[in-house]
Amino acid sequence: MTSAVVFAYHNVGVRCLSVLLDRGVQVALVLTHSDNPAETIWFDSVEKLARARAIPVIAPGDANDPAVLAQIKALQPDFLFSFYYRNMLRPELLALPRRGAYNMHGSLLPKYRGRVPVNWAVIMGEQETGATLHEMVEKPDAGGIVDQEAVPIGADETAAEVFAKVTGAAERVLARALPGLIAGSARIRQQDLGKGSYFGGRKPEDGRIDWSKGAQAVHNLVRGVAPPYPGAFTQIKDRKLRILRTRLEANRRPRSGVPGLYFEAGAFFADCGDGRVLRVLELDAQGGPLEPAAFANEKITFS
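If you want it as structure tokens, here you go:
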């Protein structure tokens, strides 16, 4: 029987771990993360699935700790899989499985290597992204590609909506690739790393809107960090407004030559730096909903 040690978290971790179990792979150990209480946990639990299937599961602070390496080495797994596990695995760990170490990445490699690839693809205005199963090597997201599948990105879709499609693609990619990996017949092609680049992680502060940018760029930022992510935001005096959903207004002229957010004709709009206008469809202030009518009589300059 084929055996594996699995590093997994998030929805991709749950769905891909399920693929292994449903196809008879003996998962000897699952390594996951403890949920961060400061983070919005909107995704499924790998730990819960592992315990339900009577699989040993641990959440080490450092997956590369010598004690963890010794535990995995003693299991002598055929494969090591990483499904949205957040920490880098060192070469000493990747060398332990007898038949290779593989990672599922949420982009069409070599594009968008690195952190939060789905969010970055939306922010950068891509029309498609996908999921890629690849060999794990010392350099992150740089190993040979086993299989990948593209998914479209709609013009108004949020990162969470795209992520749901990427999760489905990841499940299908693994299901397709697994028989070849087990049989030793998988055809692996090397990446052309010159055709993509690395992207880093994002912080809540990175959602601050610069209205002097073009309307499409602002719209993409709003989509790319919309809830359950921290959200795009703008500051008005001491009030922080989260801009949760926008729409490009093709036929509306800007109010003035100054980029910024304003209330007019019963709705919020924003003039952007390229002279195009966004309609703000959903926003909130300081954690609560905000209706445009609440600002109808306030003498506030929005910027």
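Note that the sequence shown covers residues -14 to 288 in this note's numbering. Glycine residues also receive a C-beta, built at the ideal position from the N, C-alpha and C atoms.
Do you know offhand how far P125's Cα is from Y247's? Translated into the one-based positions of the sequence shown, residue 125 becomes position 140. Translated into the one-based positions of the sequence shown, residue 247 becomes position 262. Each residue's alpha carbon lies about 44 Å from the other.
Inter-residue spacing [alpha-carbon to alpha-carbon] between V(-10) and W27: What you label residue -10 is simply residue 5 of the sequence shown in a count that begins at 1. What you label residue 27 is simply residue 42 of the sequence shown in a count that begins at 1. Rounded to whole angstroms, V(-10) to W27 spans 25 Å at the Cα level.
Nearest residue (CA-CA) to G153, options L65, C257, I40 and G91: Position 168 of the sequence shown, counted from the first residue, corresponds to residue 153. Per the Cα distances, G91.
Measuring alpha carbon to alpha carbon, tell me which of N236, A80, I194 and Y69 ends up nearest T117. By one-based count along the sequence shown, residue 117 stands at place 132. Of the candidates N236, A80, I194 and Y69, the one whose C-alpha sits nearest the C-alpha of T117 is Y69.
Who are the Cβ neighbours of V31 in its own chain at under 7 Å, not counting the five residues just before and after it? The count along the sequence shown starts at 1 and reaches residue 31 at position 46. If we look at V31 and ignore the five residues flanking it on each side, its Cβ neighbours are A(-7), Y(-6), G(-2), V(-1), L2, V15 and T17.
At least 3 beta-carbon pairs within less than 8 Å: the region 75 to 87 vs the region 40 to 51: yes
Going straight from the alpha carbon of L226 to that of G129, what length do you get? The sequence position of residue 226 within the sequence shown is 241, counting from 1. The sequence position of residue 129 within the sequence shown is 144, counting from 1. Computed Cα separation, rounded: 44 Å.
Thinking C-alpha only, which one of A200, K222, I221 and A217 is nearest C257? Within the sequence shown, the letter at position 272 stands for residue 257. Of the candidates A200, K222, I221 and A217, the one whose C-alpha sits nearest the C-alpha of C257 is A200.
T152 - DSSP class collapsed to helix/strand/coil: One-based indexing of the sequence shown puts residue 152 at position 167. Of the three classes helix, strand and coil, the one that applies to T152 here is helix, per DSSP.
Let me know the secondary structure DSSP gives V131 once reduced to three states. Here residue 131 refers to the residue found at position 146 when the sequence shown is read from its first residue. Here V131 sits in strand by DSSP.
Starting from H90, trace the beta strand (DSSP E) in both directions and tell me its first and last residue. Along the sequence shown, one-based indexing puts residue 90 at 105. H90 -> beta strand (DSSP E) spans A86 to H90.
Compare the Cα-Cα distances from P41 to each of N21, Q11 and D132 and report the closest residue. Within the sequence shown, numbered from 1, the residue matching residue 41 stands at position 56. When each option's Cα is compared against that of P41, the closest is Q11.
When you compare the CB positions of R98 and G192, do they come within less than 7 Å of one another, or not? Locating residue 98 in the sequence shown gives position 113, where the first residue counts as 1. Locating residue 192 in the sequence shown gives position 207, where the first residue counts as 1. Contact: no.
Rounded Cβ spacing between G185 and R100 (contact assumed at less than 8 Å): The count along the sequence shown starts at 1 and reaches residue 185 at position 200. The count along the sequence shown starts at 1 and reaches residue 100 at position 115. Between R100 and G185 the Cβ distance is about 6 Å, and since that is below 8 Å, they are a contact.
Using CA coordinates, which residue listed in E24, L60, T25 and L5 is at the minimum distance from L34? Indexing the sequence shown from 1 puts residue 34 at position 49. Comparing Cα positions, the closest option is L5.
How should S25 be labelled, buried or exposed, when 16 other C-beta atoms within 10 angstroms of its C-beta is the threshold for buried? The residue given as residue 25 occupies position 40 in the sequence shown. Correcting the residue type first, residue 25 is Thr in the shown sequence and not Ser. By the neighbour-count rule (16 or more Cβ atoms within 10 Å), T25 is not buried but exposed.
Tell me which residues share the same chain as N72 and place their Cβ nearer than 7 Å to its Cβ, disregarding the 5 neighbours each side in the sequence. Residue 72 sits at position 87 when you count from the first residue of the sequence shown. Around N72: A48.
Nonlocal neighbours in the same chain, by C-beta distance under 7 Å from A162, ignoring five residues either side: In the sequence shown, counting from the first residue as 1, residue 162 sits at position 177. Within the same chain, A162 has close Cβ partners L118, V131, D132 and A171.
Using DSSP bridges, identify the partner residues of G115. Looking up residue 115 in the sequence shown gives position 130. DSSP lists A135 as partners of G115.
From D269 to P213, what distance separates their C-alpha atoms? On the sequence shown, residue 269 is found 284 positions in, with the first residue counted as 1. On the sequence shown, residue 213 is found 228 positions in, with the first residue counted as 1. Answer to the nearest angstrom: the Cα atoms are 14 Å apart.
R232 to R174, Cα distance in whole Å? The residue you call residue 232 lines up with position 247 of the sequence shown. The residue you call residue 174 lines up with position 189 of the sequence shown. R232 and R174: Cα-Cα distance of roughly 40 Å.
Please report the Cβ distance between P62 and P82, rounded to the nearest whole angstrom; I am assuming they are in contact, meaning their Cβ atoms lie under 8 Å. Within the sequence shown, the letter at position 77 stands for residue 62. Within the sequence shown, the letter at position 97 stands for residue 82. Right, their Cβ atoms sit about 5 Å apart.
Quick one: Cα of E113 to Cα of P215, how far? Residue 113 sits at position 128 when you count from the first residue of the sequence shown. Residue 215 sits at position 230 when you count from the first residue of the sequence shown. Computed Cα separation, rounded: 23 Å.
Inter-residue spacing [alpha-carbon to alpha-carbon] between F218 and L54: Reading the sequence shown from its first residue, position 233 is the one you call residue 218. Reading the sequence shown from its first residue, position 69 is the one you call residue 54. Each residue's alpha carbon lies about 43 Å from the other.
What's the gap between the Cα of A145 and the Cα of A39? Numbered from 1 along the sequence shown, position 160 holds the residue referred to as residue 145. Numbered from 1 along the sequence shown, position 54 holds the residue referred to as residue 39. Their backbone Cα atoms lie some 30 Å apart in a straight line.
Opening and closing residue of the beta strand (DSSP E) in which G245 lies: Taking the sequence shown and counting its residues from 1, one reaches residue 245 at position 260. Taken as a continuous stretch (DSSP letters only), the beta strand (DSSP E) holding G245 covers G245 to E249.
Straight-line CA distance for F64 to L74? Translated into the one-based positions of the sequence shown, residue 64 becomes position 79. Translated into the one-based positions of the sequence shown, residue 74 becomes position 89. Those two C-alpha atoms are separated by around 14 Å.
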